[in-house]
Amino acid sequence: MDLRRQQRFPVHFQSVLSGQPRGESVGTIMNLSKSGCRVKTDSQGYSGMQVTLRFDVAGETLPICIERAAVRWSREGELGVGFITVASPHQERLGQLLERLKQGLTG
């Protein structure tokens, strides 16, 4: 039984995770929702670790930035990241992206 509250969409977006003590690391967002994502990365993370997440979307010049997020789970090569703070312009862009994904227009 899947208890997620937000619909998740399969995607393939290049991303950068920033956080102490690791600094920056690259990854690929594999699924995305309004409240979080799954990131494939070689970087190690731990539950509760605070990060900033930026990711590129095809056809857009600026990345979407999640100012404050937390690692919810970590397993071999993947991190579950929950979004905590998303500034207004990025929140709006994320919502528009998710709407396009829902309609099958982006990915």
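What the sequence shown shows, in the numbering used here, is residues 10 to 116, in sequence order.
From the three backbone atoms N, C-alpha and C, an ideal C-beta is built for every residue, glycine too.
Every value quoted in this text rests on a predicted model; they were computed, and no experiment measured them.
DSSP bridge partner residues for residue i (one or two, in chain order)
{"i": "T37", "result": "Q23 and K49"}
{"i": "Q59", "result": "A79"}
{"i": "V84", "result": "A small fix is needed here, since residue 84 is Arg in this sequence, not Val. R84 is bridged to E87."}
{"i": "I93", "result": "Answer is none; I93 lacks a bridge partner."}
{"i": "G28", "result": "G32"}
Residue of the options minimising C-alpha distance to residue i
{"i": "R102", "options": "V60, G68, H21 and Q53", "result": "G68"}
{"i": "S83", "options": "G104, C46 and V25", "result": "C46"}
{"i": "S34", "options": "S97, T61 and L71", "result": "T61"}
{"i": "R63", "options": "Q105, H21, P19 and L26", "result": "L26"}
{"i": "S52", "options": "D65, V66 and S24", "result": "S24"}
Proximal residues to residue i (C-beta, below 6 Å), its chain only, five neighbours per side dropped
{"i": "T94", "result": "E76 and R77"}
{"i": "G54", "result": "V80, S83 and L88"}
{"i": "F18", "result": "L41 and L110"}
Close-in-space but distant-in-sequence residues of the same chain around residue i (CB under 8 Å, 5 per side omitted)
{"i": "H99", "result": "I73, C74, I75 and E76"}
{"i": "R14", "result": "S44"}
Environment of residue i [buried if 16+ CB atoms lie within 10 Å]
{"i": "D11", "result": "Unreliable positioning characterises D11 in this predicted model, as indicated by a pLDDT of 49, which lies under 50. A coordinate reading is not provided."}
{"i": "S97", "result": "exposed"}
{"i": "L8", "result": "Lying before the first or after the last residue shown, residue 8 is absent from the chain, which here runs from 10 to 116."}
{"i": "T4", "result": "The requested residue 4 does not occur in the structure, where the chain is confined to residues 10 to 116."}
{"i": "V28", "result": "Correcting the residue identity first, residue 28 is Gly in this sequence and not Val. Counting Cβ neighbours within 10 Å, G28 comes out buried, since at least 16 surround it."}
{"i": "G113", "result": "exposed"}
{"i": "G36", "result": "buried"}
Beta-carbon contacts of residue i that lie in its chain and below 7 Å, excluding the five residues immediately before and after
{"i": "G57", "result": "A79 and V80"}
Examine the Cβ distances between the stretch 100-115 and the stretch 76-88 and report whether three or more of them are shorter than 8 Å.
-> no
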